[in-house]
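Chains as they are written, first to last, in our numbering: chain A, 1 to 133; chain D, 1 to 343.
Glycine included, each C-beta is placed from N, C-alpha and C at the ideal position.
The structure presented is a predicted model; accordingly, all values stated were derived computationally and were not measured.
To start, the structure under review is shown below, and the notes come after it.
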Amino acid sequence: MLSAKLLVGEIANSLRQVIGPAISEPYPKAQAYMAATILEFVARQIEERGGSASARAAVLEALFEDIGKLGLPARIASPESHDEGALSDLISNLYQARGEIGETVFAAANLRVRRALRDLLNLDLEVAGKEGE
Amino acid sequence: MSIPSGAEKITSYLKDKLPEASELSLSDFVQTAGGWSHEIYTFYANWRQGGRQMRQGFCVRKDPGCGLLRNLSSLHEQFRVIKALESTPAPTPRAYWYEADPGLLGGPFFVMEKVEGEAPNPWSTAGKSFYAEAARRGALPRSFVEALASLHNLDWKAAGLDFIGVPGEGRDFARREIAKWESLINQSVRKPEPALTELLMWLKANAPEVQRLAFVHGAYRTGNLMIRNDAVSAIIDWELQVIGDPMYDVAYVLSDLNREGSPLLSCVVEREFFLDYYQLLTGLKIDLEVCRYYEILYMMRSAAFWLSASGLFAEGKNHDLRLARATYSVPVVLNMAAKALGF
Chain A
1 MLSAKLLVGE IANSLRQVIG PAISEPYPKA QAYMAATILE FVARQIEERG
51 GSASARAAVL EALFEDIGKL GLPARIASPE SHDEGALSDL ISNLYQARGE
101 IGETVFAAAN LRVRRALRDL LNLDLEVAGK EGE
Chain D
1 MSIPSGAEKI TSYLKDKLPE ASELSLSDFV QTAGGWSHEI YTFYANWRQG
51 GRQMRQGFCV RKDPGCGLLR NLSSLHEQFR VIKALESTPA PTPRAYWYEA
101 DPGLLGGPFF VMEKVEGEAP NPWSTAGKSF YAEAARRGAL PRSFVEALAS
151 LHNLDWKAAG LDFIGVPGEG RDFARREIAK WESLINQSVR KPEPALTELL
201 MWLKANAPEV QRLAFVHGAY RTGNLMIRND AVSAIIDWEL QVIGDPMYDV
251 AYVLSDLNRE GSPLLSCVVE REFFLDYYQL LTGLKIDLEV CRYYEILYMM
301 RSAAFWLSAS GLFAEGKNHD LRLARATYSV PVVLNMAAKA LGF
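What follows is the structure, encoded as structure tokens:
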């Protein structure tokens, strides 16, 4: 059996090089090329699937460990889970509590959060985009 | 019994609207590949009237009920806006009829003039080449700025455009825009997007004040302009218009989002020429810091669009494959925003 990545890649090639050029109507023609583009992304997703989840978890664990050392109120710094939903809540809570925690602590926490966001974005971009191209 | 095609239904509809017409038929009937929210059909109607052969181009925009902007898009509002603009110097198509009855074509729709010209996709190789060549000739860049200034200079109250909503003084405009797109995000999001949360919170904390309220297109760029003989023959895609900060449109023109791979703004106009000529025509001072803020807001808006698009596809409400592809655009635009915010 062909590997899923190879199979998906070949279907994309066929859509781009055989099926798309043979269609004259603009809407279905654009749909054929779009299907090829999506399948190329899916092929990359198949390739990246393994390592991404554990890398994301590591980024989040490290973030919440560091945030816990900044002297923030427990309701902000100690969520029950350390997933991306908790990170979104942390960001909202930091902005809302900005006056309470002070600019220095806010800036330190925001800087650390942004470092984690950058790491998570880089993981997403391994599939969705070619950073630096 | 066969089911009438879209063209047959429209032919029947036009016969009702043009009772003096005989032998009415359609030609060059095309569903265009453009348009993320609505189905768009263009065609010529040909008929005999008073012994003369008539031919007129029409464009139909139909709401499929599952467009990109979900409940934020109103086809009736678009029709009213285009109708109101007919009496202004802004180049726009004439609006003919709006039909709310979904029984006619399968969804509400309106019929407007098919403006002669073309609107090449600026992201395509052919489109880039079209605009680059027009830029070298020089007339289209001037027309691009003049058409934008015609919008920002128009008396929107006198034109009856205040029905689309008027923000309050100060920072209200930006906050209203953020709230609008956040509501789309909340309808669409399928998993937490913390980078988007950071972006939204930053935008809320840094909303700028408006120097003057104007009628704003909301997506003023090549691709949304019909071009004929190196001039803007019509501004199209009336879906994102607001009464708001004219810098919102200026920022869109300045944005890197709309000139991928081209040194020219919107692939057609030199930056310095745009800044100078726009200020001359409008009397407004371009505040680049405010524009930079709106550029970042546009990145958030783009993320909202892509989340909505991929959400509609995932929910089985819209099968257009461009919507599925949008899921991969979310991290790309969030990355642009992150860089703009310094991370």
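Quiz item: Buried or exposed: where does residue 62 (chain D) fall if 16 or more other Cβ atoms within 10 Å of its Cβ makes it buried?
Solution: buried
Practice problem: Please state whether DSSP places residue 28 (chain D) in a helix, a strand or coil. | Solution: strand
Exercise. Starting from the C-beta of residue 207 (chain D), find all residues in its chain whose C-beta is less than 6 Å away, skip the five residues before and the five after it, and write them out in chain order.
Key: 171, 174, 175
Quiz item: Among all the DSSP beta bridges, which residues are the ones paired with residue 60 (chain D)?
Solution: D:41, D:111
Quiz item: At which residues does the beta strand (DSSP E) containing residue 228 (chain D) begin and terminate?
Solution: 225–228
Quiz item: Name the residues in the segment 46–73 of chain A whose C-beta lies less than 8 Å from a C-beta of chain D; which are they?
Solution: none
Quiz item: To which residues of the same chain is residue 16 (chain A) closer than 6 Å at the C-beta, ignoring the five residues directly before and after it?
Solution: 36
Quiz item: Would you report the Cα separation of residue 23 (chain D) and residue 46 (chain D), rounded to the nearest angstrom?
Solution: 8 Å
Quiz item: Does residue 8 (chain D) get closer than 8 Å to chain A when you measure Cβ to Cβ?
Solution: no
Quiz item: Given a threshold of 16 other Cβ atoms within 10 Å of its Cβ, counted over all protein chains shown, does residue 131 (chain A) qualify as buried or as exposed?
Solution: Summary for residue 131 (chain A): the model assigns pLDDT 38, below 50, so the residue's position carries little reliability; its value from the coordinates is reported in the next sentence. Exposed.
Quiz prompt | The beta strand (DSSP E) enclosing residue 244 (chain D), as first and last residue numbers | solution = 242–244
Quiz item: Residue range of the beta strand (DSSP E) that residue 231 (chain D) falls in?
Solution: 231–235
Self-check item: DSSP three-state assignment for residue 132 (chain A), whether helix, strand or coil
Solution: At residue 132 (chain A) the pLDDT is 34, less than 50, meaning the model places this residue with poor confidence; the figure from the coordinates comes in the next sentence. Three-state result, residue 132 (chain A): coil.
Self-check item: 7 Å Cβ cut-off: residues of chain D touching residue 104 (chain A)
Solution: Within chain D, no residue comes near residue 104 (chain A); the closest Cβ sits about 17 Å away, beyond 7 Å.
Practice problem: Take residue 47 (chain A) and list the residues in its own chain whose beta-carbon comes closer than 7 Å to its own, dropping the five residues that flank it on each side. | Solution: 5
Self-check item: Interface positions of the segment 71–98 of chain A facing chain D (Cβ-Cβ less than 9 Å), listed along the chain
Solution: 83, 84, 85, 86, 87, 88, 89, 90, 91, 92, 94, 95, 96, 98
Quiz prompt | Counted within 10 angstroms of its Cβ, other Cβ atoms place residue 149 (chain D) as buried (16 or more) or exposed | solution = buried
Practice problem: Determine, using beta carbons only, whether residue 125 (chain A) comes closer than 8 Å to chain D. | Solution: yes
Self-check item: Residues sharing a beta bridge with residue 269 (chain D), DSSP
Solution: D:265
Quiz item: Would residue 20 (chain A) count as contacting chain D if we go by Cβ distances under 8 Å?
Solution: no
Quiz item: Touch check for the segment 286–299 of chain D and the segment 153–171 of chain D: three-plus C-beta pairs under 8 Å?
Solution: no
Quiz item: What residues in the segment 195–214 of chain D bring their beta carbon closer than 7 Å to a beta carbon of chain A?
Solution: 195, 197, 198, 201, 205
Quiz item: Does DSSP put residue 55 (chain D) in a helix, in a strand, or in coil?
Solution: strand
Quiz item: When the Cα atoms are used, what is the spatial distance from residue 83 (chain A) to residue 25 (chain D)?
Solution: 60 Å
Exercise. Can you tell me which of the three DSSP states residue 23 (chain D) falls into?
Key: strand
Quiz item: Closest Cβ-Cβ distance between residue 244 (chain D) and chain A: below 8 Å?
Solution: no
Quiz item: Are the CB atoms of residue 81 (chain D) and residue 161 (chain D) nearer to each other than 8 Å?
Solution: yes
Quiz item: With DSSP run on the structure shown, which of helix, strand or coil describes residue 219 (chain D)?
Solution: coil
Quiz item: At a Cβ cut of 8 Å, what residues of the segment 28–54 of chain D count as close to chain A, listed as they run along the chain?
Solution: 30, 31, 32, 33
Quiz item: Under the three-state reduction of DSSP, which class applies to residue 90 (chain D): helix, strand or coil?
Solution: coil
Practice problem: Take the Cβ of residue 258 (chain D) as the centre, count every other Cβ of all protein chains shown within 10 Å, and call the residue buried at 16 or more, exposed below. | Solution: buried
Quiz item: Would you say residue 233 (chain D) and residue 117 (chain D) are within 8 Å of each other, going by their C-beta atoms?
Solution: yes
Quiz prompt | Residues in the segment 327–340 of chain D having any Cβ partner in chain A nearer than 9 Å | solution = 327, 328, 329, 330, 331, 332, 334, 335, 338
Quiz item: With C-beta atoms as the reference, is residue 227 (chain D) less than 8 Å away from residue 140 (chain D)?
Solution: yes
Self-check item: Residue nearest to residue 53 (chain D) in terms of C-alpha spacing, selected from D:21, D:64, D:65
Solution: D:21
Quiz item: Is it right to say residue 276 (chain D) is buried, meaning 16 or more other beta carbons lie within 10 angstroms of its own, or is it exposed?
Solution: exposed
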